[in-house]
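Q: Attaching a single structure in structure tokens format; questions to follow.
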Amino acid sequence: MLEYSLTFLETVTMNPNELRVDCWAATCRQTQSHAFGMSLNRVAPWTELIHTASQKFYQQPIPETDDEMSLRQRQQGAVHSVISTITHADNMTRMHQAVASQVFAATQSLVERELPRTADEFSALDSELAKLSMKISSDCHDDTMRRLR
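Mapping the sequence shown onto my numbering, position 148 (from 1) lands on 172, and the numbers just tick up by one.
Listed below in structure tokens is the structure:
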């Protein structure tokens, strides 16, 4: 049991398992809220990618240990980054319809990846996110240059 002092007069005793369950519930709500907010004003294929990315995260079982909860918190950050990349791709392809299908395919393959669980997998995801962002920018820049010729 852990004791937390809320005020000078009140002390609450919480079971670490209850604390982890509450923390997981709050983490899931944050991810659902982020996904919902980022999916506003988006069209169907992009909202589906956002939903898939967030659902993959929050449908995991409740973490059983503090180490597993720490992993989930890192995964949450990764999922939020994936969702932000999806919205960036959507925004850019709205202006560059000629490259929309190839950008969507690259973004979809990112969403289909398993959630990272190791330091190497987190690094690989970070690299993939950076590469995808560069690809989106490059493809859209190329589209702009084609239109200007």
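Ideal Cβ placement from N, Cα and C applies to all residues, glycine included.
1) Give every residue of the same chain whose Cβ lies closer than 6 angstroms to the Cβ of VAL135, excluding the five residues on either side of it in the sequence, and list them in chain order.
2) Rank ASP167, ASP166 and HIS58 by C-alpha distance to the C-alpha of PHE81 and give the top, closest one.
3) Taking just the CA atoms, how far does LEU139 sit from ARG96?
4) As a quick exercise: from LEU149, ILE110, ASP46 and PRO85, pick the residue whose alpha carbon is nearest that of TRP70.
5) Restricting to Cα atoms, I'd like to know which of GLN56, GLY61, ASP46 and VAL106 is closest to SER157.
6) Just tell me which of ASP144, CYS164 and SER133 has its CA closest to the CA of MET119.
7) How would you call LEU172, buried or exposed, if buried means at least 16 neighbouring beta carbons within 10 angstroms?
8) Any idea what DSSP makes of LEU153, helix, strand or coil?
9) Any idea what DSSP makes of VAL45, helix, strand or coil?
10) Could you check if ALA124 is buried or exposed, using at least 16 other CB atoms within 10 Å of its CB as the buried criterion?
11) Would you call the CB atoms of GLN99 and THR55 closer than 7 angstroms?
12) Indicate whether ARG66 and ASP114 have their beta-carbon atoms separated by less than 7 angstroms.
13) Which residue wins for smallest C-alpha separation from ASP150, given the options SER161, THR51, VAL103 and THR168?
A: Put simply:
1) Within the sequence shown, numbered from 1, the residue matching residue 135 stands at position 111. Cβ within range, chain order: LEU73, THR76 and ALA77.
2) Translated into positions along the sequence shown, residue 81 becomes position 57. Considering only alpha carbons, the answer is HIS58.
3) Position 72 of the sequence shown holds residue 96. Position 115 of the sequence shown holds residue 139. Each residue's CA atom was taken as its position, placing ARG96 and LEU139 some 10 angstroms apart.
4) As a working note, residue 70 is residue 46 in the sequence shown. In terms of Cα proximity to TRP70, the closest of LEU149, ILE110, ASP46 and PRO85 is ILE110.
5) Position 133 of the sequence shown, counted from the start, is the residue given in the question as residue 157. Nearest C-alpha to SER157: VAL106.
6) Your numbering for residue 119 matches position 95 in the sequence shown. When only C-alpha atoms are compared, the closest one is CYS164.
7) Counted from its first residue, the sequence shown places residue 172 at position 148. So LEU172 ends up on the exposed side.
8) In the sequence shown, counting from the first residue as 1, residue 153 sits at position 129. Helix, per DSSP.
9) The residue you call residue 45 lines up with position 21 of the sequence shown. VAL45 falls in the helix class under three-state DSSP.
10) Numbered from its first residue, the sequence shown carries residue 124 at position 100. Looking at its Cβ environment, which holds 16 or more other Cβ atoms inside 10 Å, ALA124 is buried.
11) By 1-based counting over the sequence shown, the position of residue 99 is 75. By 1-based counting over the sequence shown, the position of residue 55 is 31. In this structure, the beta-carbon distance from GLN99 to THR55 does not fall below 7 angstroms.
12) Position 42 of the sequence shown holds residue 66. Position 90 of the sequence shown holds residue 114. Closer than 7 angstroms, so yes.
13) Residue numbering aside, residue 150 sits at position 126 when the sequence shown is read from its first letter. Selected option, being the one with the closest Cα: VAL103.
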